[in-house]
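Notes to accompany the following structure.
Number of protein chains: 2
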Amino acid sequence: MPTPVNIQYAVEIDGEDIKRRLKGLFSATDETRELEMELDRKISDCIQEFLRDERASTEIELAALAESARQSRVPDLPSGVLEYLDDLAESMIRHSTHTASPRFIGHMTTALPYFVRPFGKLITALNQNPVKVETAKSFTAFERQALAMMHRLVYDDPDDFYDHHIQQKDSTLGIITTGGTAANLTALWCARNASLKAKDQFKGGASEGVSAALAAYGDRDAVIIGSSLIHYSFDKAADLLGIGSNNLIRVPTDENGRIDLDLLRRTILRCRKLNRRIIALIGVAGATDCGAIDPLVEMAEIAREHQIYFHVDAAWGGPLLFSRLHKDKLNGIEMAHSVTIDGHKQLYLPMGLGMVLLRDPQSAKVIERNAQYIIRSGSHDLGKRALEGSRPAMALYLHASLSIFGSRGYEILIDESMRMARFMADAIREKPEFQLLMEPQLNIVTYRYVPKPWREKIPALDESDNDAVSRFNIRLQKAQRREGKGFVSRTRLGRTRFGNSVVALRAVIANPLTTEHDIRTVLDDQIRLSALEGVSCE
Amino acid sequence: MPTPVNIQYAVEIDGEDIKRRLKGLFSATDETRELEMELDRKISDCIQEFLRDERASTEIELAALAESARQSRVPDLPSGVLEYLDDLAESMIRHSTHTASPRFIGHMTTALPYFVRPFGKLITALNQNPVKVETAKSFTAFERQALAMMHRLVYDDPDDFYDHHIQQKDSTLGIITTGGTAANLTALWCARNASLKAKDQFKGGASEGVSAALAAYGDRDAVIIGSSLIHYSFDKAADLLGIGSNNLIRVPTDENGRIDLDLLRRTILRCRKLNRRIIALIGVAGATDCGAIDPLVEMAEIAREHQIYFHVDAAWGGPLLFSRLHKDKLNGIEMAHSVTIDGHKQLYLPMGLGMVLLRDPQSAKVIERNAQYIIRSGSHDLGKRALEGSRPAMALYLHASLSIFGSRGYEILIDESMRMARFMADAIREKPEFQLLMEPQLNIVTYRYVPKPWREKIPALDESDNDAVSRFNIRLQKAQRREGKGFVSRTRLGRTRFGNSVVALRAVIANPLTTEHDIRTVLDDQIRLSALEGVSCE
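Chains as they are written, first to last, in the numbering used here: chain A, 1 to 538; chain B, 539 to 1076.
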């Protein structure tokens, strides 16, 4: 007998029947509850099966996956929830990337603590919308609290500062975003509007536009300055904000990926001379490419001297502040006007959680918007000062994890992944097949395999040698990805001690389950794969 | 005896102990599995208790909630997962807004089908990152499929169009965003970059900035045109994109909230005459305020005649396309260059899921970005053409719901909520205490309570009468919100048949569990509350 409230149709059924069954999908009856429990159990089983598999991915080709998702018409009739899950398990779940695998050490995806999975269900079920207090009554205060804790981690203001601002509706200690990209964009939005503020008869860039603002201020154009290693989200932000991505000035770095301070100073002076308005200076605390950290203290001083807005992108590196051993690496971050940190990176939380922290709780006023039907001025609504409107209560993950890990828990996670990265760098150094391309400053290791014919020429590899070695490493990375047992990513490093624009294998270590054995295995696999037909140079 | 892998500390413990316990939070052992199951059961119980409560909210004051979230320091030591949940249940979950309550009919939050809750856990557990195929191998194809289905719903191109584009890496049928705000921003970003494209020696606005682009094109400034009822996200977008929010031209509407076409034509001609570059024309399909739908066919024709990019914001109204009875209301939407639809509105999905659909699959090329370490040109990576970078696999909800509801399921949800809104409008018309402020075009009803002294003067209420009635309705809405049994929101309508700038009570009907009885109760409660001290005018 078919269950009365679930949707399970073999044949055409009439509208009244669909209607009754639809209501069953929404109702809070015992029957629906049982169906939900059954689905929940099956999904938990799928999850466990998925997580226990230690491979980085299955061997299936992308084209085959695409082939199973070619139907472009919304089905006319409803289908059963459990049937849908069965299909999904076979076609999608099974072939998902094992981002939590101990040997998936190639991207900034971390393993997750178990509690986030049930909390994911909770966030979905409560369906709070923090854009407005009326749709997120108690959560609003909790999001503010989580942001205040992160603000304190970065800026460490006195108690009375937090007492005053933490639940003060006119203060913005930080803004939750989907991720680092939106956080960086939000920071530069604040910077641009502050720089192009109203003066005399001019009403300000936010309302009059960038073109009118530059005219009012008598500037030729507007620029943003950072190193050549700043994240590509700044290109997007410069484009979006009407500044233009070519007006993002990328100052070269030294061999360790740190901005060249002399060149930076000269760049600023040249901009000033040419009437190019500097909207912001960007410091990097953990470059996506290679983990480099800019000299933040010096950059902050330069920014202060020239009265430039200073933003630090610590999307990856921010949580180092929990580590007594490593926090000094971020010295100077507390002088930044704003700081980006991602929850879904080294806070070990699920995708979709970034934040920008603001030193001055009033600085977000320049992006404030109100609307009669939704966020009224004078309200506690968090949507008043944010890039996004309606959004999920992702900050609940952050609130939970700050309590459940505590500072000392996060400290251990950071210290361990840093130690493991050093282990990997040492292992690479010991193997003649590999070259460590940069001394890792963080838990990101860049290296390459050097095939035999070139190994003997080290260190005298010329540009054409380097190109050949780069092509080899692309083939090697693809072969390992295809095999699916382990995974590192690849990038092209602009500057290294062995040459410029060379392809690097890139390992990102952020999984407490990754062991020294895993790292050795990933490297040994690369040595094995390098002899394969289609990879090797013979 | 304490469980060995969970974190439960009463007293200070040493680092090795924390380390071991931390690993337990991440490991896939049977022990961790049991702890996860226990947490999962407790969270399910919390959810059921929460969902069974039919109140719109508890009576607790915001200030009391804020008081419980004033601690601004990350705790030093870890705390137990279950202990944290106990605290959370008491302080946060219990006082969350019941957005799914049948009498919470005030905002665009809907009730949710049960299957999204376990799916929320699944999305969290898989932790795919669709920015890149390497971190979302199979999911990439599924997100493309869900977007193609939505594209087909709107544009209904022939089979061979979808066969070609659905899994074609160079085509973008749509872009998933956190919500309507980011979707509208993305659409206008495409529009602006297309309008300010490269020509002759000029490299285009995306790379050179808005100011240089206007100079290259010889335009005074850039504008965006829509009705006075467009969503406030367009103000944000105009600000963000460097156009300036004052250059968002809001053309007045008629009494039904539809843009005045004569004024629109005149506005366009005036802009052309003054060398003001028109970046886009925006049509509304379901105004947030009152549900009004612009005359889309006529607007599309005007846009075509003047070669202006036409964007339709159907964040709320888009799913009407599933209804054979109501889809004609959106005629003309298929002529838009881009269309915003929210999943977390009338697709009955959780917060955090919006999308913009693009008529021309090549039109997103103008916002494309690549980066060596993450999204390489020529790849299948979805992050190449998107506002956001790393983001969660929210489109899985969409993929699931399109199958599980089917077109006919969504049709019923739409038809029922439209019927229920008409029922509410009729009930309001029948009660002498109320005035229906606008004939509802969609499932949003705007009305107000008219206290006795003014009731007799209808329809001759002057401005000061209207102001007094507005103040009364603000008090009434707050009193009902405070009581917590039911909830409607309020807004201020610019233009109604009874006066301009009047405060309206605003009901949004999007809950299959809301009955005629619920609606009558919410209205009866308002009549009862209107006599309360502090609300009434006596």
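Every residue gets a Cβ at the ideal spot worked out from N, C-alpha and C, and that includes glycine. Since the structure is predicted, the reported quantities are computational estimates derived from the model, not experimental observations.
- The distance from the Cβ of D76 of chain A to that of S945 of chain B is about 5 Å, consistent with a contact at the 8 Å cut-off.
- At least one CB atom of chain A sits nearer than 8 Å to the CB of M889 of chain B.
- In the three-state reduction of the DSSP assignment, M893 of chain B falls in the strand class, which pools E and B.
- Between P113 of chain A and Y348 of chain A, the beta carbon gap of about 6 Å places them in contact (Cβ cut-off 8 Å).
- Taking M299 of chain A as the centre and dropping the five residues before and after it, the same chain places the C-beta of I259, L261, L264, L281, G283, F310 and G332 closer than 8 Å to its C-beta, in chain order.
- Remark: C-beta atoms of Q1015 of chain B and V1007 of chain B do not approach each other more closely than 8 Å.
- A check of alpha carbon separations from M873 of chain B across B:Y700, B:A841, B:Q1064 and B:R1033 identifies B:A841 as the nearest.
- Inter-residue distance for T267 of chain A and A285 of chain A is about 21 Å (C-alpha atoms, whole angstroms).
- Under a 10 Å Cβ-count criterion, K452 of chain A is classified as exposed, with fewer than 16 other Cβ atoms of the shown protein chains found around its own Cβ.
- Nearest in C-alpha terms to R929 of chain B, of all of A:A146, A:K19, A:G180 and A:R52, is A:G180.
- In this structure, B:L940 is the residue among B:L940, B:M976 and B:E954 with its C-alpha nearest to the C-alpha of M688 of chain B.
- Looking at the backbone, the Cα of S1039 of chain B and that of A750 of chain B are separated by about 40 Å.
- In the DSSP assignment, F104 of chain A forms a beta bridge with A:F487.
- Closer than 8 Å at the C-beta level to chain B, one finds these residues of the region 194-208 of chain A: K203, G205, A206, S207 and E208.
- Residue contact check for S749 of chain B against chain A: a CB pair falls below 8 Å.
- The residue from B:Y755, B:E746, B:I1047 and B:P833 with its alpha-carbon nearest to that of S765 of chain B is B:P833.
- Taking a 10 Å sphere around the C-beta of Q900 of chain B, we find fewer than 16 other C-beta atoms and assign the residue as exposed.
- Nearest C-alpha to T446 of chain A among A:V503, A:G486, A:L461 and A:K431: A:V503.
- By the neighbour-count criterion, in which a residue is buried when 16 or more other Cβ atoms sit within 10 angstroms of its Cβ, N813 of chain B is exposed.
- The region 915-933 of chain B makes contact with the region 723-734 of chain B; the number of CB pairs closer than 8 Å reaches 3 or more.
- Contact between S876 of chain B and V894 of chain B is confirmed by a C-beta separation of about 5 Å, below the 8 Å threshold.
- Bridge pairing for H311 of chain A: A:I282 and A:S338 [DSSP].
- Residues of the region 150-161 of chain A with a C-beta less than 7 Å from any C-beta of chain B: R152 and L153, listed in chain order.
- The shortest C-alpha to C-alpha distance from H645 of chain B to any of B:I1057, B:A1045 and B:L1070 is the one to B:A1045.
- Excluding its 5 nearest sequence neighbours in each direction, G174 of chain A has C-beta neighbours in its own chain below 7 Å: L147, M150, H151, M355, V356, L357 and L358, listed in chain order.
- Interface annotation, D221 of chain A: in contact with chain B, CB-CB separation under 8 Å.
- Taking 8 Å as the cut-off, the beta carbon of L330 of chain A is found no closer than this to the beta carbon of I367 of chain A.
- In the structure shown, S227 of chain A adopts extended strand secondary structure according to DSSP, grouped into three states.
- For T496 of chain A, DSSP records a beta bridge to A:G499.
- Proximity of chain A to G658 of chain B at the Cβ level (cut-off 7 Å) is accounted for by G120, K121, I123 and T124, in chain order.
- If one requires a minimum length of 4 residues, the alpha helix (DSSP H) runs lying completely within the region 986-1023 of chain B are 990-993 and 1001-1021, in chain order.
- The beta-carbon separation of L442 of chain A and L398 of chain A, rounded to 21 Å, does not stay under the 8 Å limit for a contact.
- At a cut-off of 8 Å between beta-carbon atoms, Y84 of chain A makes contact with chain B.
- Residues of the region 274-286 of chain A whose Cβ lies closer than 8 Å to any Cβ of chain B: none.
- Proximity to G782 of chain B across B:F772, B:P790, B:V789 and B:T791 peaks at B:F772, based on C-alpha coordinates.
- At least one C-beta of chain B is nearer than 8 Å to the C-beta of F139 of chain A.
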